[in-house]
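Peer 1: Chains as they are written, first to last, in this note's numbering: chain A, 1 to 383; chain B, 1 to 406; chain C, 1 to 447. C-beta: ideal position from N, C-alpha, C; glycine also. Computed from a predicted structure; not experimentally measured.
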Amino acid sequence: MASMADMGGGAAIGRRLINVGIGLAVFVGVWMLLRLIGVSSSGIVLQVLNGLEKGSAYALIALGLTLIFGTLGVVNFAHGALFMLGAFVAVTFNGLVGLSYEEVDPTRTDFLGNPAVIQTPYVEAWFGEAAGQWMIDWSVPLSILIAVPFMALVGLVMERGLIKYFYKRPHADQILVTFGLAIVLQEIVKAIYGANPIPTPAPDAFQGSFDFGVWLGFDANTILYPYWRLVYFLFAAVIIAGVFAFLRYTTFGMVVRAGMADRETVGLLGINIDRRFTIMFAIAAVVAGLAGVMYAPILSPNYHMGMDFLVLSFVVVVVGGMGSLAGAVAAGLILGILQSFASMTEVLELVPGINQIIIYLVAIIILLTRPRGLMGRKGVMEE
Amino acid sequence: MLGLSRKDTSFLLIVIFLTLATPLLLQPFPEDSALAQFNAGYPDLMQRFAIFGIFAIGFNILFGLTGYLSFGHAAFLGVGSYSAVWMFKLLTMNVIPALILAVIVSGLFALLIGYVSLRRSGIYFSILTLAFAQMMFALAYSVLTPITGGETGLQLSLNDPRILGVSQTPEGNIPVPHLFGLEMRDSVQWAVGGWEFTFNAGYYFCAVIAILVFYLSMRIFRSPFGMMLRAVKTNQTRMNYTGLNPRPYTLAAFVISGMYAGLAGGLMAAMDPLAGAERMQWTASGEVVLMTILGGAGTLMGPVLGAGFIKYFENIFSKINDNVLHAWFAFLPDGLEDVVVAIIHPFVGKGWHLTLGILFMLVVIFLPGGLVEGYRRLTRAFRRTPRPDPRRDPEHHPGPVPHVGE
Amino acid sequence: MTTNFTRRGVLKTGAIAGAGVALPTIFTSRANAYTNEPTGDTVTLGFNVPQTGPYADEGADELRAYELAVEHLNGTGADNGMLETFSSKSLTGQGILGKRVEYVTGDTQTKSDAARASARSMIEKDGAIMITGGSSSGVAVAVQALCQEAGVIFMAGLTHANDTTGKDKRANGFRHFFNSYMSGAALAPVLANAYGTDRNAYYLTADYNWGYTTEEAISSATEAMGWTTVNKVKTPLGAGDFSSYITPVLQSDADTLVLVHYGGDMVNSLTNAVQFGLREAQKNGKDFQIVVPLFSRLMARGAGENIKGIFGSTNWHWSLPDAGSQAFVRSFGTKYGFPPSQAAHTCYVQALLYADAVERAGSFEPCAVVAALEGFEFDGLGNGPTLYRAADHQCFKDVLVVKGKENPQSEFDLLEIVEITPVEQVTYPPDHPQFAGGELGACNNGA
């Protein structure tokens with residue numbers, strides 16, 4: 001089956017419509033099936049929301065991975081570590097604004113019976129109590145301001161300092177060097193923050209849940225969804241849309257897309273494709289980092305969260321199809337939703353253990369029915 | 001000799017010598033010297049060297065020759081271990097039936113998974129194998145607990161049925177794996193000068209098998225079948241045009257390397273009769289990939305070196321704690337001693353992962369082609385003959401290495 | 001101080017003296033009366049703890065406790081810790097049986113394979129006479145079986161599953177930590193007291209051995225109090241985001257959620273449950289409640305605010321007022337600057353109990369040590385009067401029911417003790433169905 005990228009005009013649109021139709025039909029089928037085994041509609045909607053939120057994290061990581069695959073032809077096993085670094089930017093900022101000076105309070109005692117030490121955050125001392133409290137409360141969203149330049153810098157250093165020497169090397173060497181880098185980054189974070197997860201709360205304004213069901217015509221209080229997770233989903237949507245728009249509507253993006261398709265020709269045209277690829281790497285790093293920052297309140301960050309996500313992201317990228325950005329996003333959302341469906345009791349009673357394997361099972365089925373994943377281009381990473 | 005060229009024969013003889021002399025070679029430091037920490041000549045680690053060597057040799061038959069990068073090979077290792085332990089539980093503590101079953105069962109799994117996965121190539125193939133292996137790991141860890149022992153691992157118990165043998169020894173213990181009465185854990189120790197060497201039955205059993213399968217892989221590398229596999233790697237399309245169907249060849253290579261993995265898994269269970277699910281996890285599959293690349297994919301000796309390198313770090317460096325460091329540097333003045341210990345501290349003991357990660361990067365940056373390449377550079381430096389020979393090592397290297405997905 | 005001065009040193013010296021350098025002397029491994037018999041003036045213990053992986057922090061704390069224990073045993077520490085309060089007075093601070101205590105460390109990686117490899121290297125290479133440590137039940141059971149086979153003593157670290165002293169018990173293995181059954185027996189009355197006897201409980205359970213035994217223990221104990229079990233759902237290890245398991249809870253008619261998770265999974269599932277508003281929810285006219293059967297302070301820190309007011313059980317807590325606990329907290333806190341975790345406590349106590357048993361037995365021989373530990377009754381090690389039961393090598397002692405503290409005074413002050421459940425209430429017969437299916441077998445002296 002020819003993939004969509006090499007088809008032009010009306011045929012492509014037609015084929016695309018058919019694919020979307022198949023997708024919708026599968027979705028409706030799954031829905032009916034779930035209703036049949038006794039899941040309530042509101043239960044399904046909730047799981048769709050869970051899936052979208054989980055899937056948007058997969059999609060953000062997979063997006064960066066596939067950008068790097070597509071533009072640089074590099075298998076980046078350190079991409080999960082970038083996600084983890086992002087989360088730890090939030091942790092670090094949260095810790096920094098919480099930095100306190102110490103005063104001995106003779107009226108209280110610590111665990112050894114010595115006089116206790118009372119801590120007051122510096123930011124409260126500097127900016128006044130209200131502003132200081134606000135900064136501490138909003139530390140996660142605020143840390144985006146730091147994460148963007150920091151992750152861009154990390155991306156630049158990684159690409160210029162290491163990855164660029166591996167463009168012409170076999171993929172096996174790329175795997176080894178990026179895997180080594182991922183271990184090093186992980187271990188550094190572990191040496192600083194330890195192995196246990198570190199709580200990084202969302203702002204108080206986003207605590208609590210939002211009655212999503214009322215919007216969809218359900219009774220009140222049937223579909224409650226936490227604000228922060230909705231924020232995460234919207235945030236992911238904005239980032240993904242931003243990356244797509246950037247690639248589609250800017251000259252820079254056009255050149256990069258051309259480079260993805262045929263690097264040598266673009267190089268022959270006298271365009272400095274290398275510099276643009278460096279910038280693309282930095283963008284991928286920023287996307288992964290932001291995904292991590294915003295995920296920190298959902299999952300308390302720990303040093304191995306990157307590795308945990310890495311394998312799934314690879315599956316997502318490949319199921320989406322190598323070299324296809326839209327494919328990566330679609331696969332992320334689909335796998336996220338199916339994973340949520342598989343974890344429902346009603347499903348588990350029918351097929352015990354399905355929640356453990358659903359992602360891999362779906363990946364196998366898709367790869368066997370569609371040779372290059374959902375939207376893969378022919379010839380990318382196929383040999 | 002044995003159907004090998006003269007150079008190959010001498011290479012094989014060197015490998016045999018090194019393997020048999022391992023208990024001596026890995027014990028270079030006297031027992032009471034501070035450097036004895038780096039000795040690796042104790043049974044468990046030597047067995048691991050041999051077993052992971054077998055695993056990596058087998059993996060290399062697939063990856064080194066055909067370029068197909070399987071990310072799920074640990075699954076076959078796990079299957080081999082489970083089969084072997086079940087054989088111990090149900091039939092006999094003799095290791096031979098256990099190993100035979102391990103190889104057969106892993107071969108069957110490899111046939112099934114290989115048949116499905118080889119319908120795709122490149123990274124699609126990698127992800128298919130990864131998916132199968134991860135499914136097997138996840139199920140073995142959870143819902144299949146009655147068969148696999150789950151989190152704890154499958155282990156022997158005092159009331160296993162064991163048709164040909166006893167459930168318990170007269171002393172009330174679980175019997176140990178043996179080869180027709182020779183217990184795998186039996187050792188002879190030899191003290192000479194300040195050194196002490198341990199010759200372990202289990203290690204020599206593994207070593208003999210390792211030599212046999214190394215010889216087999218040598219024959220495969222040199223055979224027409226091996227040439228065909230290299231053709232798959234070099235240009236599959238061209239192969240198709242010449243009317244040859246590569247699928248049966250790659251499938252055969254996949255099954256053979258799966259059986260090597262199963263053999264390694266069976267041996268692991270024979271040396272230590274417990275099969276844990278973690279040996280099937282993707283990290284374990286990733287480990288053999290790293291071993292092969294680190295040592296030098298496509299070379300005969302590279303994967304074995306890579307396996308030894310990683311296992312050495314895992315077992316030796318993780319055991320160096322501050323206490324040991326202080327003992328080493330006790331000769332320094334107190335302040336300096338603390339500084340030196342503080343500098344080394346992050347890289348040993350609980351930091352052994354960090355050292356391993358840094359070494360991965362250093363090796364791949366400075367030694368493209370892996371540890372084997374480092375060895376070649378060393379020998380060239382010693383010969384002082386800078387020959388820019390493009391075919392530096394016609395025996396052990398299948399030539400320029402265009403890799404998976406290029 | 002060198003860790004390499006093992007029995008081999010002495011064998012070697014004998015070899016040189018007796019035969020000269022040129023004549024090698026051959027020893028077989030059967031030359032000793034038992035595995036790794038210490039013949040020099042030192043004895044080597046093996047501390048096998050997770051140094052990498054998700055439980056690395058627990059492992060680091062365990063290692064600190066062991067180092068402290070070695071100092072106390074050798075009499076080189078700033079004080080003598082629990083040696084002062086321990087009811088048995090055989091330990092003198094002169095090492096064990098006059099031999100100075102040395103130790104080797106290894107990394108279990110919280111994988112049964114790696115843990116066994118590490119333990120084997122300690123036994124084969126370093127001549128360790130006893131292995132101790134660990135922070136998960138899978139590892140404890142795997143290493144315990146290995147030690148049985150090799151003929152050394154295993155003193156389990158943090159392991160909570162019933163199986164360790166149930167179906168997978170071994171004669172050479174001993175557990176001081178409490179277990180799932182005890183958690184259930186201690187928690188259920190407190191829960192019934194706090195939340196009433198008419199509750200519908202929903203279980204989210206880690207999908208592996210520890211999860212199974214703990215789920216069974218808690219559900220049978222609470223059902224005996226009148227609770228109803230609505231649903232039991234298994235969640236994959238390291239699921240990360242638990243939202244898809246949490247949302248169905250709200251839709252069911254459950255009014256209580258029991259999170260049978262440990263480590264990072266516990267932190268994540270609890271955080272998720274709070275995010276989804278379970279703590280503010282109302283069900284069946286009651287406030288919705290969350291219960292976490294196994295608490296640890298290190299984990300509680302990861303959960304942050306979310307832990308407040310949540311009931312759980314724990315083996316030990318630094319705020320216990322008895323003299324033994326206070327002595328330990330003082331030594332540990334003075335040396336490291338923060339209070340010890342329950343993992344540190346159980347490991348410290350296990351090291352002391354082993355050393356004491358050797359002293360009382362007068363020998364390092366594993367079977368003699370087993371005999372000395374079996375049926376041993378002691379006090380002063382932090383949990384009140386304790387019995388090492390001969391039938392299954394499990395310690396029987398008081399169990400703590402704790403609650404996340406509402407107003408912590410410091411970063412360590414996260415749990416408050418609600419009740420100290422007396423030992424009688426958590427004792428069970430050795431053939432209790434939750435522990436059925438295994439036998440100790442005979443002790444093994446090895447070579």
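#1: Within 9 Å (strictly less), CB to CB, does Ala140/C reach chain A?
#2: Looking only at DSSP bridge pairs, what is Arg100/C linked to?
#3: Taking a Cβ distance cut-off of 9 Å, strictly less, list which residues of the stretch 278-304 of chain B are near chain A, in chain order.
#4: State buried or exposed for Tyr208/C, treating a residue as buried only when at least 16 other CB atoms are found within 10 Å of its CB.
#5: Once DSSP output is grouped into helix, strand and coil, what is the label at Tyr202/C?
#6: Give a yes or no on whether 9 Å exceeds the smallest Cβ distance from Leu82/A to chain C.
#7: Taking the alpha-carbon of Leu367/A as reference, which of Gly122/B, Ile51/B, Gly67/B and Met93/B has the nearest alpha-carbon?
#8: Have a look at Ala323/C and Phe111/A and give me their C-alpha separation to the nearest angstrom.
#9: Which word fits Val143/B, buried or exposed, when buried means at least 16 other C-beta atoms lie within 10 angstroms of its C-beta?
#10: So the beta strand (DSSP E) Lys319/B belongs to, where does it begin and stop?
#11: Under a Cβ-count criterion, where at least 16 other Cβ atoms within 10 Å of its own Cβ denotes burial, should Tyr124/B be classed as buried or exposed?
#12: So, do the stretch 184-201 of chain A and the stretch 48-57 of chain C have three or more beta carbon pairs nearer to each other than 8 Å?
#13: Applying the 10 Å Cβ sphere with the 16-neighbour rule, what's the burial state of Trp352/B?
#14: Report the rounded CA-to-CA distance for Ile163/A versus Val74/A, giving the unit in angstroms.
#15: Give every residue of the same chain whose Cβ lies closer than 6 Å to the Cβ of Val21/C, excluding the five residues on either side of it in the sequence, and list them in chain order.
#16: So is Val166/B buried or exposed if we call it buried at 16+ other beta carbons inside 10 Å?
#17: Out of curiosity, what's the CA-to-CA distance linking Trp282/B and Ala131/B?
#18: When you compare only the Cα positions, how much space is there between Leu407/B and Asp392/C?
#19: Could you check whether the Cβ of Asn272/A sits closer than 9 Å to any Cβ belonging to chain C?
#20: Taking contact to mean 3 or more Cβ pairs, one atom from each stretch, closer than 8 Å, check whether the stretch 134-141 of chain C and the stretch 139-156 of chain B are in contact.
#21: Give the DSSP-derived three-state secondary structure of Cys395/C in the structure shown.
#22: Using the C-alpha atoms, what's the distance from Gln339/A back to Phe83/A?
#23: Under a Cβ-count criterion, where at least 16 other Cβ atoms within 10 Å of its own Cβ denotes burial, should Gly437/C be classed as buried or exposed?
#24: For Ile223/A, which option in Leu230/A, Ile357/A, Gly213/A and Ile37/A has the closest C-alpha, if you only look at C-alpha atoms?
#25: Got a sec: is the Cβ-Cβ distance from Arg229/A to anything in chain C below 9 Å?
#26: Between the alpha carbons of Ile61/B and Ala284/A, how many angstroms are there, rounded?
#27: Could you check where the beta strand (DSSP E) with Ser313/C kicks off and where it finishes?
#28: So for Pro248/B, helix, strand or coil by DSSP?
#29: Can you pull the chain A neighbours of Arg119/B, defined as C-beta to C-beta under 9 Å?
#30: Mapping the DSSP letters down to three states, classify Thr129/B as helix, strand or coil.
#31: On the three-state DSSP scale, how would you describe Gln281/B?
#32: Here's the rule: buried if 16 or more other CB atoms are within 10 angstroms of the residue's CB, otherwise exposed. What is His171/A?
#33: For the stretch 310-319 of chain A and the stretch 62-78 of chain A, state whether three or more C-beta atom pairs, one from each stretch, are separated by less than 8 Å.
#34: Which residues, in chain order, does the stretch 48-59 of chain B contribute to contact with chain C at a C-beta distance below 9 Å?
#35: Give the residues of chain C in contact with Asp44/B, contact being defined as C-beta atoms less than 7 Å apart.
#36: Please give me, in chain order, every unbroken run of the alpha helix (DSSP H) with length at least 4 that falls completely inside the stretch 198-227 of chain B.
Peer 2: To lay it out plainly:
#1: Start at 1 with the first residue of the third sequence, and residue 140/C comes out as number 140. Not one chain A Cβ lies under 9 Å of Ala140/C.
#2: If you number the third sequence from 1, residue 100/C lands on position 100. According to DSSP, Arg100/C bridges with Thr42/C.
#3: Trp282, Thr283, Gly286, Val289, Leu290, Thr292, Ile293, Leu294 and Ala297
#4: Here residue 208/C is taken as the residue at index 208 of the third sequence, counted from 1. It is buried - the Cβ of Tyr208/C has at least 16 other Cβ atoms within 10 Å.
#5: Counted from its first residue, the third sequence places residue 202/C at position 202. If DSSP states are grouped into helix, strand and coil, Tyr202/C belongs with the strands.
#6: Counted from its first residue, the first sequence places residue 82/A at position 82. It does not; no Cβ of chain C falls within 9 Å.
#7: Looking up residue 367/A in the first sequence gives position 367. Comparing Cα-Cα distances from Leu367/A to each of Gly122/B, Ile51/B, Gly67/B and Met93/B, the minimum goes to Gly122/B.
#8: What you label residue 323/C is simply residue 323 of the third sequence in a count that begins at 1. What you label residue 111/A is simply residue 111 of the first sequence in a count that begins at 1. Spanning the two alpha carbons is a distance of roughly 14 Å.
#9: Along the second sequence, one-based indexing puts residue 143/B at 143. With 16 or more Cβ atoms within 10 Å of its Cβ, Val143/B is classed as buried.
#10: The residue you call residue 319/B lines up with position 319 of the second sequence. That residue, Lys319/B, is in no beta strand (DSSP E); it is neither H nor E in DSSP.
#11: For the purposes of this step, residue 124/B is taken as residue 124 along the second sequence, with counting starting at 1. Counting Cβ neighbours within 10 Å, Tyr124/B comes out buried, since at least 16 surround it.
#12: yes
#13: If you number the second sequence from 1, residue 352/B lands on position 352. Its Cβ being crowded by 16 or more others within 10 Å, Trp352/B is buried.
#14: Here residue 163/A refers to the residue found at position 163 when the first sequence is read from its first residue. Here residue 74/A refers to the residue found at position 74 when the first sequence is read from its first residue. So the alpha carbons of these two residues sit roughly 8 Å apart.
#15: The residue you call residue 21/C lines up with position 21 of the third sequence. Residue placement at Val21/C is flagged as unreliable, the pLDDT there being 35, under the threshold of 50; a coordinate-derived value is accordingly withheld.
#16: Numbered from 1 along the second sequence, position 166 holds the residue referred to as residue 166/B. Per the 10 Å Cβ criterion, exposed.
#17: Position 282 of the second sequence, counted from the first residue, corresponds to residue 282/B. Position 131 of the second sequence, counted from the first residue, corresponds to residue 131/B. Approximately 9 Å, taken between the alpha carbons.
#18: Only positions 1 to 406 of chain B appear in this structure, which leaves residue 407/B out of reach.
#19: Locating residue 272/A in the first sequence gives position 272, counting from the first residue. Chain C contact via Cβ: absent.
#20: yes
#21: Residue 395/C sits at position 395 when you count from the first residue of the third sequence. Cys395/C: strand per DSSP, three-state reduction.
#22: Position 83 of the first sequence, counting from 1, holds the residue named residue 83/A. Position 339 of the first sequence, counting from 1, holds the residue named residue 339/A. Roughly 21 Å separates the two Cα atoms.
#23: Sequence index remark: in the third sequence, residue 437/C carries index 437 (1-based). Exposed.
#24: Counting from one through the first sequence, the residue named residue 223/A turns up at place 223. The candidate whose alpha carbon is nearest that of Ile223/A is Gly213/A.
#25: Within the first sequence, residue 229/A is the residue found at index 229, counting from 1. Closer than 9 Å: yes.
#26: Your numbering for residue 61/B matches position 61 in the second sequence. Your numbering for residue 284/A matches position 284 in the first sequence. Roughly 36 Å separates the two Cα atoms.
#27: As a working mapping, residue 313/C is identified with position 313 in the third sequence. Phe311 to Thr314 is the extent of the beta strand (DSSP E) around Ser313/C.
#28: In the second sequence, residue 248/B corresponds to position 248, counting from 1. Here Pro248/B sits in helix by DSSP.
#29: Looking up residue 119/B in the second sequence gives position 119. Simply Leu367, Leu368 and Pro371.
#30: Taking the second sequence and counting its residues from 1, the one referred to as residue 129/B is at position 129. Note: Thr129/B maps to helix in three-state DSSP.
#31: In the second sequence, counting from the first residue as 1, residue 281/B sits at position 281. Correct three-state label for Gln281/B: coil.
#32: By one-based count along the first sequence, residue 171/A stands at place 171. Its Cβ being crowded by 16 or more others within 10 Å, His171/A is buried.
#33: yes
#34: Arg48
#35: As a working note, residue 44/B is residue 44 in the second sequence. Going along chain C in sequence order, the residues near Asp44/B (Cβ under 7 Å) are Ala117, Arg120, Ser121 and Glu124.
#36: 201-222
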